[in-house]
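Have a look at the structure below, then the notes.
In my numbering, the protein residues as written are 1418 to 1668.
Listed below in structure tokens is the structure:
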């Protein structure tokens, strides 16, 4: 990631967390998100979608299967190779790019860009502005940008816990977090223990922006917020809800 100090999130999905991430997101949630994305943005076969920080491709593959023309970007080669194999096997209109998203430059224009799974909050304010401007430059006029986050200040201030743990599949996951300022962020140590007792420790940073800060950044990048949902297409976001879906339109 272009910075004097490497972003610790760049390598976060390597190792055990690459597989753990699949366990955190229910398939039913992905299906509902895909239904919302298709209907709200009136997507048709051939619509051009940019999925940045696409992970293992739960949205990229799903939309390509609906006939969309999808470009999926992630910095983790394992994810990109996995998506590429599915695209080739199913003859999907699915282009994969292994790249640092902050250095990506689109060679064509898209109808919709996605940044799902709290990925935007991997970046500080300056990096987030760079990403948003890149997305705006990648969209057609009146194109849309959909951001899914659970790190709005209106969410995390109410729900923040210094310590937590859970079982995810065959893993035990322990989280030790601290809420810090200047810049506002949550730094977390994740301890992952598999069924054989193998342990892996990862550090992560989630940068925290309030709704108004997010709105200001989007406006400066050339967007206007159209809607913010907690349940996509059904319930508008209110303070304290666990996630937000921000619908921003290029203006």
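In this text, a Cβ means the ideal position worked out from N, Cα and C, and glycines have one as well.
Assigned with DSSP and collapsed to three states, residue 1632 falls in helix. Counting C-beta pairs with one atom in each stretch, the region 1469 to 1476 and the region 1488 to 1505 have three or more that are closer than 8 Å, which means they touch. CA-CA distance, residue 1635 to residue 1615, rounds to 42 Å. Judged by DSSP secondary structure, residue 1560 falls within the beta strand (DSSP E) whose first and last residues are 1556 to 1566.
Membership of residue 1503 in the alpha helix (DSSP H) is indicated by the continuous run 1494 to 1507.
Going by beta carbons, residue 1666 and residue 1626 fall outside the 8 Å limit.
Taking 8 Å as the cut-off, the beta carbon of residue 1510 is found no closer than this to the beta carbon of residue 1530.
Taking the Cβ atoms as the reference, residue 1521 lies roughly 16 Å from residue 1426, outside the contact range of under 8 Å. Counting of Cβ neighbours within 10 angstroms places residue 1433 among the buried residues, the total reaching 16 or more. Closest in alpha carbon position to residue 1594, among 1485, 1453, 1429, 1580, is 1580. Remark: C-beta atoms of residue 1661 and residue 1566 approach each other more closely than 8 Å. Under the DSSP definition of a beta bridge, residue 1661 partners with 1566.
With 16 or more other Cβ atoms from the protein chains shown falling within 10 Å of its own Cβ, residue 1534 counts as buried. Bounds of any alpha helix (DSSP H) do not take in residue 1527; it lies within the beta strand (DSSP E) bounded by 1527 to 1532. The three-state secondary structure of residue 1436, taken from DSSP, is helix. The alpha-carbon of residue 1549 is positioned some 25 Å away from that of residue 1495. In the assembly as shown, residue 1596 is an exposed residue. Its beta-carbon has fewer than 16 other beta-carbons within 10 Å. The Cβ neighbour count for residue 1468, taken over all protein chains shown within 10 Å, is at least 16; the residue is labelled buried. Rounded to whole angstroms, the separation of the alpha carbons of residue 1619 and residue 1608 is 7 Å. Shortest Cα-Cα distance from residue 1523 to any of 1658, 1554, 1428 involves 1554.
In the structure shown, residue 1486 adopts extended strand secondary structure according to DSSP, grouped into three states. Look at residue 1626 here: in three-state DSSP terms it is strand.
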